[in-house]
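Beneath this line is the structure, given in structure tokens, with notes to follow.
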Amino acid sequence: MQRTVHAAILFLFIFLLNIASSRDNMLPNHVKLSSSLTCRLVGGLTREQRTVCNESPDTVAIAFEGLQLAVKECQHQFRWHRWNCSSLLVKSSNPHASSIMKRGFRESSFLYALTAAGVAHSVARACAQGRLLSCGCDPLGYRASHDPRGRAKVNKWEWSGCSHNLAYGIEFSKKFLDVREQVDDLQSKINVHNNNAGRSEKQ
């Protein structure tokens, strides 16, 4: 099962990196209207998650894109199996509100790892695309050079893209998903372990 989890997560990264930008926003229509509506309209959030959502509604909206991408990848991986991830398709569009992720099934470990990886990736990519104000890259950079007399001068150069802000994506995945869990609960510790397993594949 462990090898299957790692293989599926690696496949997810390849799948995500090749999705066209026109398909970036995977949120349901009622959430697309405004990031500020996310906290009120999306079900299945804990009180702690709603606090995070109120602080960073735009980032949480991106995080839900990652959750939906994870669900799609789950459906792809298990499309020929008796269990095909259909139980994750809940009205709230939040897979963590599904019954299977609330219990300690074998598939739950895979799902926690997959959703944690999906959130980290989507947030990191949104940072690189400039879709979030709280992170990203400077549109312009500067570099130093020297004139014939050896004096340093600064030259402006045009931005040609930047790598995904992976550290921020992983950190927000922890902040938004791990906060669901209770510190002293055994199942919660297992869930956090699986979250970390998914995020570790990104590092």
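Note that the sequence shown covers residues -22 to -1, 1 to 181 in mature numbering (1 follows the signal peptide of the UniProt record, and there is no 0). C-beta: ideal position from N, C-alpha, C; glycine also.
{"query": "Determine, using beta carbons only, whether HIS54 and GLY22 come nearer to each other than 7 Å.", "result": "no"}
{"query": "Can you list, in chain order, the residues of its chain with a C-beta nearer than 7 Å to that of ASN174? Leave out the 5 residues immediately preceding and following it.", "result": "none"}
{"query": "Can you grab the Cα-Cα spacing for the pair LEU47 / ASP162, in whole Å?", "result": "30 Å"}
{"query": "Please report how far the alpha carbon of GLU26 lies from the alpha carbon of ALA145, in whole angstroms.", "result": "22 Å"}
{"query": "Skipping 5 residues on each side, what residues in its chain have a beta carbon closer than 7 Å to that of CYS63?", "result": "VAL49, CYS52, GLN53 and PHE56"}
{"query": "Find out if the Cβ-Cβ distance for the pair ALA94, GLY147 is shorter than 7 Å.", "result": "no"}
{"query": "I'd like to know if ILE78 contacts chain B, where contact means its C-beta is closer than 7 Å to some C-beta of that chain.", "result": "Protein chains in the displayed structure number just one, and chain B is not present."}
{"query": "Going by beta-carbon coordinates alone, are VAL101 and PHE42 separated by less than 7 Å?", "result": "no"}
{"query": "Could you check which residue in THR37, ALA106 and ASP156 has the C-alpha nearest to that of TYR90?", "result": "ASP156"}
{"query": "Which word fits LEU45, buried or exposed, when buried means at least 16 other C-beta atoms lie within 10 angstroms of its C-beta?", "result": "buried"}
{"query": "Please name the residue, chosen from GLU179, SER178 and ASN169, that lies closest to ARG81 on a Cα-to-Cα basis.", "result": "ASN169"}
{"query": "Mapping DSSP to helix, strand and coil, what is CYS105?", "result": "helix"}
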